[in-house]
Structures are given as structure tokens and as C-alpha cells.
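Trainee: The following block contains the structure, expressed as C-alpha cells.
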Amino acid sequence: MAGTDIKPIKEVIKPPATSVGALGWMRANLFNNWFNSVLTLFTLYTLSKIVPAFIRWAFIDSQWLSTGEACKGADGACWSIIPANIRFIIFGFFPYESQWRPLVAMVLLIGLLFYSRNRDHWKKSLTYAWGAGLIIMGLLMKGGILGLAAVESTQWGGLPLTLLLSVFGLAAAYPLGVVLALGRASRMKAIKVLCIVYIEMIRGVPLITLLFMSSIVFPLFLPEGVTVNVILRAQVAIIMFTAAYIAEVVRGGLQGMAKGQYEAAESLGLNYYQTMRLVILPQALRIVIPPTVSQLISALKDTSLVVIIALYDLLKTTQSVLSNPTWMAFSSEAYIFVALIYFGCCYFMSSYSRRLEKELDRGF
Amino acid sequence: MSKEKPDNQLQPTGEAIIEIKEMHKWFGEFHVLQDINLTVQKKERIVICGPSGSGKSTLIRCINRLEEHQRGRIIVDGIELTNDIKNVEKIRAEVGMVFQHFNLFPHLTILDNLTLGPIWVRKTPKKEAEEDAMAYLEKVHIAEQAKKYPGQLSGGQQQRVAIARSLCMKPNVMLFDEPTSALDPEMIKEVLDVMIELAREGMTMLVVTHEMGFAKSVAHRVLFMDYGRIVEQNTPTEFFDNPQHDRTKLFLSQILH
Chain A
0 MAGTDIKPIK EVIKPPATSV GALGWMRANL FNNWFNSVLT LFTLYTLSKI VPAFIRWAFI
60 DSQWLSTGEA CKGADGACWS IIPANIRFII FGFFPYESQW RPLVAMVLLI GLLFYSRNRD
120 HWKKSLTYAW GAGLIIMGLL MKGGILGLAA VESTQWGGLP LTLLLSVFGL AAAYPLGVVL
180 ALGRASRMKA IKVLCIVYIE MIRGVPLITL LFMSSIVFPL FLPEGVTVNV ILRAQVAIIM
240 FTAAYIAEVV RGGLQGMAKG QYEAAESLGL NYYQTMRLVI LPQALRIVIP PTVSQLISAL
300 KDTSLVVIIA LYDLLKTTQS VLSNPTWMAF SSEAYIFVAL IYFGCCYFMS SYSRRLEKEL
360 DRGF
Chain H
0 MSKEKPDNQL QPTGEAIIEI KEMHKWFGEF HVLQDINLTV QKKERIVICG PSGSGKSTLI
60 RCINRLEEHQ RGRIIVDGIE LTNDIKNVEK IRAEVGMVFQ HFNLFPHLTI LDNLTLGPIW
120 VRKTPKKEAE EDAMAYLEKV HIAEQAKKYP GQLSGGQQQR VAIARSLCMK PNVMLFDEPT
180 SALDPEMIKE VLDVMIELAR EGMTMLVVTH EMGFAKSVAH RVLFMDYGRI VEQNTPTEFF
240 DNPQHDRTKL FLSQILH
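Protein sequences, first through last, are from chains A and H. Taken in order, the first sequence gives residues 0 to 363; the numbers are from numbering that gives the first Met the number 0. Taken in order, the second sequence gives residues 0 to 256; the numbers are from numbering that gives the first Met the number 0.
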């Protein structure tokens, strides 16, 4: 640039007023052509019909703490169904006077989950905390020692059961899925074929079938007198099912890895296990966070299918309340409540995954 | 670049560190390397050139078995390359490799890129490995970037980090696979300078490159490959001033203008 001196422009030139601010945004996004304008007006009209009516039903004309009879004459929502039955919805058939135990167990679990959100907390002590936490949760649920009355697992139900099936289902399915994906990508023929057969077989069968098999077919193969807990059987079915799907997601991530990464790791003398653990998986798993979380979320919702093998999870306890003639008419309210709980759990996972993605972003 | 002769102690020692005997390699039906015979001495520096597809990259990739040869023998530092994965890993730890596209680990900081090998392969204590790594980063003039991630560095900086990463393993041989081909022109020199420094310290080097200036000033021997064969090999002076084969003459006339 011989001799030419480019000076920075001194005066600040503002963009035209029509392209900034609320007005500019509306022009650009809502009314930028006649079709979008019509759509905008139509949407506004529809919302004006629905939203006020819903608000009146849900909040203004609604009953919150009345009896079932009082609800019958009212126009609005009868939220009273929730407080009146909350303990059965949440805890199912767990003995009434001991219901503080699953409550403490759940608080402990959720507390540990929230504490584990922060990656700075991922130290050895956290492993011990989880170990101790799991033992305490198990004791609280099962009882039988320290003066706690024993509670059979057949009496477990409601939210604790849903959380148990989903948290441990997902926690076990994820690593199993990774191992299956590595197996499927393996150069060893036998392992590869085994993994492909497993993944394709599980994926070709609905979860309901697996649950039926675990509860009806599987016991036929056991010697007489030996029983395996029905919750454990359901748990295993969920883990096997979810792992197959996770495996395919992870395989996608592995295929997205550049060959150069393997070569660089190998040329340093790292062995297969080190190459995978230190170089390939940290990158591949990060790439597939969004589809992985989709799988985990759908697995969480699928735990509600355990009703078909007579387990009383959160959805089933809610339905049971609705079979009571007093509350039969208020299924919308009850289902909205359950939906909110499911939504809360799923939203926790998806928001955490977004955060994790951002934290692990290294610009590659 | 000066024409000074390297010190005597930097001359090849006569002791073979790599021996390749009657080696052949096929990619499927394609006979990519044909009857390769090559002995590399300790502290020798060899530049390999040739048209694309001539097999030069494949040749050096066979030396640390990123590619498998199907016939003949390759012996590195007294260990023969076979299917024995333990031997292969041992050789890979002794032989550093620098790639055209750097292949740094993007999820690790620069410092962690450098210490990964020493910590996991050499079992060096973390603190020692980090001190070592910082020393090598100084050497490639990039120590201030230690805490950054590869994605935040320029191509030239990344390639220098890649060289430092290989050096951290204290290799006996360094293989360079077109180390400057993916770089913007203004970054080529900073990488070549690091390689020249390395040459001055007596590192055994095999370099696949089209940088003929580098070949002239640094190499003890220049190999010309075409169609999977070593067509001609000679000292740089002889090679450039007095090429023997027509194919070599044609190649040189095309790249030297």
C-alpha cells in the first residue's frame, strides 16, 4: 500500500430508522410482504380467540383448593384435583406415613443432579458423594434397617419410580451405547457383527415388546423359585433399548471425525484405548450432544410405558386418581399437571445440554 | 539461506537408523510403492520430492506404519515393523510425525496437546511433562499461546505447535509430510525456520516437500520419486545441478522455472 493512507472514517453513519427498533423488526419479520402480513393478522386473530379464554378457564374462573363437589358447578378449571390427591400422584402406593422417605430420596437425587451440573465440581469427591447418595436413597426406599419399616418394591410408584427408571436408565444406557458404537466401528469382525446384530435387533422391536418380554417371557427361563424384581427387569429393558439408539447417534459422531485425528494420536504412540478415550470420543461425543439429548429425552418420556407391565409410574398414578368418580371429570387439569412435571425434567436436560455445548466449544 | 557446511558432528554417522529392503505396497490393485530400498543413517537429513501420486507420502507413512507394507522389510531403530502392535507403538513413540494439515487435537489446549503423548505413552509425571512442553514451545517461539486452543492460532503457529508436540516425545527420527503445503505463503518461512533449527541440532529428518530452497540448504540427500519408485537420489548440489534422469530433469524444469 505505497503511499495510500487509509484513514478511519470519523463520523458515525447510522442505519436508517426503518431497519432498527421494534418498528423495523416488525417490518422486516411480520409485514415484509402481503403473504406474511395476512399470516400475521390471521395468527393474531386466532390468538385473541384462544388466549383470553384459556386464561379465564385456568386462572380466573378456576378452583384451587375446593372439594370435588364444589368443582362440579364451576365453569373454570378444577385445580383442586392436584392438592387433594397430590400424595397419591407423587408417591403411589408407598405407605402413607413413610412417604417422607421417597421425598427425601428425590430431594437428594435432584440436589446431586443440580450440583453435578457445574463441571468445576467434577472431582473425585463428587463420585463419593454419588456413591453415598445412592446408598442412602436405596435405604430410604427399601427400609428394613435403622428402624425404617421395610417397603416392598411392588409398592414403589409415582414420581420416585419415574425418576428411578429414567435417571438410572439414562446413566447406564449412555456408556453402554458408547461401547456399542465403538464395537460397531471395530476392526474385529466378531465384535462388529455382534454389535450390529444387537443394535439392529433392539431397534427393530418396540419398547413395549421388550417390556412385555422382560415381564412375561424372561421369567419363564428362570429356575423355579427364582424371581427378578419387576422394576429391575423394566429398568434393564429400558437400558437395553436406549443404548441401541445412543449407539447409532455416537456412531454418527465417530464417522464425523477426521482421519487425521486418529493418525496424529497413533503417530504419538497412543494405543487404541488411549486414542479413543483421549482424542476421539471427547470430540465425537461433543458433536453429537444435540441428537444424544433428543434420545435421552425421548427415553425419559418412554418410561411411562411401564404401565403396561403394571408398574405405577407418575402417569399411571395420575390416571388412577381419575378413576375416582369425584375427580373423573377433571382429567385435563390432572394431565396438564403431569405434563408440566415431564416438561420440567426434559427442559432441565435440554437447557443443560445447551450449556454443556457452549462450555465445550473450542471453535472447531 | 547460507551455504555454510554443517559441523562435522552433524554429518550422518554411518550408523543406520531406518532400513527399508525390497519393500512393496499396494492400495487394492494399485502398486503404489515398488521395490523400495533405502537406508537412512543417524543424523541424516533426506528430502523426498516428486510429482503428486508418486508415493512419497505413502513411503514415509510406512515408516511409522500409518500405512502397512505388504512385501519386504522395514526396520526402524533395530525393531522390525510387523503386525505386532506393541512393536508398532514402540516405533511410533520413537518416530515423530508432522502432517500437512497439522492434526492438532482441537479439544485440548496447546499445552495439553504437547503433554498428551509424554504423560500417557512415556508415563512422564504431569509437572515434568508440562515443563518440558513449555521448553519446546519456547523453542518454536510460541510459548505465550500455551493456554489457547488450536482453533485460535494461525496455520503457521499450528504447524509449529505440531512440531513441538512431536519433539516432546524426544523422537530419534522426524518425518515431515508436506509440512508447508497447507500454509499461506507468508507463514511458510516461520515453519521452515523451525525445521532448519532442528536440523542444526542433528535431528534425523525425512521431509516430503516441494520447498527446493530448503532441500538445497538442509538436506544431505535428495530423493526423487515417480510411479512408486525411487528414480534418482543424490546430494542436493548434484541433484539440482546435474540431474541424471530425463524424468528428474523434466520435474525440476517444471518446479524451478
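Using N, Cα and C, we set each Cβ at its ideal position, and we do this for glycine too.
1. Tell me the rounded alpha-carbon separation between residue 176(A) and residue 215(A).
2. Given a threshold of 16 other Cβ atoms within 10 Å of its Cβ, counted over all protein chains shown, does residue 102(H) qualify as buried or as exposed?
3. Residue 242(A) to residue 91(A), Cα distance in whole Å?
4. Can you list the residues of chain A that residue 66(H) reaches, using a CB-CB cut of under 8 Å?
5. Would you list, in sequence order, the uninterrupted beta strand (DSSP E) runs of no fewer than 3 residues that lie entirely inside the region 204–248 of chain H?
6. With a 10 Å radius around its C-beta and 16 neighbouring C-beta atoms as the bar for buried, classify residue 248(H) as buried or exposed.
7. What does residue 262(A) touch in chain H if you count any residue whose Cβ is under 9 Å from its own?
8. Any chance you could list the beta strand (DSSP E) runs of at least 3 consecutive residues sitting entirely within the region 56–143 of chain H, in chain order?
9. Along chain B, which residues have their Cβ under 9 Å away from the Cβ of residue 160(H)?
10. Would you kindly report the start and end of the unbroken alpha helix (DSSP H) that includes residue 24(A)?
11. Could you tell me whether the Cβ atoms of residue 314(A) and residue 303(A) are closer together than 8 Å?
12. Alpha carbon to alpha carbon, how far is residue 79(H) from residue 67(H)?
13. So, does the CB of residue 22(H) fall closer than 8 Å to a CB anywhere in chain A?
14. Given this structure, state the Cα-to-Cα distance separating residue 131(A) from residue 139(A), to the nearest angstrom.
15. Helix, strand or coil: how does DSSP classify residue 37(H) here?
16. Is the Cβ of residue 119(A) closer than 8 Å to any Cβ of chain H?
17. Can a CB atom of chain H be found closer than 8 Å to the CB of residue 259(A)?
18. If we ignore side chains and look at the alpha-carbon of each, how far apart do residue 353(A) and residue 345(A) end up?
19. Apply the 10 Å Cβ neighbour rule to residue 124(H) and answer buried if 16 or more other Cβ atoms are within range, or exposed otherwise.
20. Along the chain, where does the alpha helix (DSSP H) that runs through residue 141(A) open and close?
21. Mind pulling the chain A residues with CB within less than 8 Å of residue 260(H)?
22. I think residue 306(A) touches residue 349(A), with their Cβ atoms under 8 Å apart; what is that distance to the nearest whole Å?
23. Using a C-beta to C-beta distance shorter than 7 Å, which residues of chain H count as neighbours of residue 361(A)?
24. So with Cβ pairs under 8 Å, would you call residue 173(H) a contact of chain A?
25. Does residue 63(A) pass the burial test, meaning 16 or more other C-beta atoms within 10 Å, or should it be called exposed?
26. Just list the residues that DSSP pairs residue 44(H) with in beta bridges.
27. So for residue 256(A), helix, strand or coil by DSSP?
28. Would you tell me roughly how many angstroms separate the C-alpha atoms of residue 214(H) and residue 257(A), rounded to the nearest one?
29. Does the CB of residue 254(A) have a neighbour CB from chain H at under 8 Å?
30. Could you check the C-alpha separation between residue 120(A) and residue 358(A) for me, to the nearest Å?
31. Using the rule of at least 16 other Cβ atoms within 10 Å of the residue's Cβ for burial, across every protein chain shown, is residue 200(A) buried or exposed?
32. For residue 15(H), which three-state DSSP category applies?
33. Got a sec, what are the start and stop residues for the beta strand (DSSP E) residue 277(A) sits in?
34. Determine the DSSP secondary structure at residue 87(A), reduced to helix, strand or coil.
35. Is the Cβ of residue 197(H) closer than 8 Å to any Cβ of chain A?
36. How about residue 120(H) and residue 269(A): are their beta carbons less than 8 Å apart?
Mentor: Judging by the given coordinates:
1. 26 Å
2. buried
3. 29 Å
4. Under the 8 Å cutoff, chain A gives no residues; its nearest Cβ is about 10 Å from residue 66(H).
5. 220–225 and 228–233
6. exposed
7. 60, 65, 96, 98 and 102
8. 70–75 and 94–97
9. Any reference to chain B falls outside this structure, whose protein chains are A and H.
10. 20–28
11. yes
12. 13 Å
13. no
14. 12 Å
15. strand
16. no
17. yes
18. 13 Å
19. exposed
20. 123–141
21. As shown, chain H starts at 0 and ends at 256. That puts residue 260(H) outside it, with no answer to give.
22. At roughly 25 Å, the Cβ-Cβ gap does not stay under 8 Å, so residue 306(A) and residue 349(A) are not in contact.
23. 105, 106, 148 and 150
24. no
25. exposed
26. 204(H)
27. coil
28. 30 Å
29. no
30. 14 Å
31. exposed
32. strand
33. That residue, residue 277(A), is in no beta strand (DSSP E); it is neither H nor E in DSSP.
34. helix
35. no
36. yes
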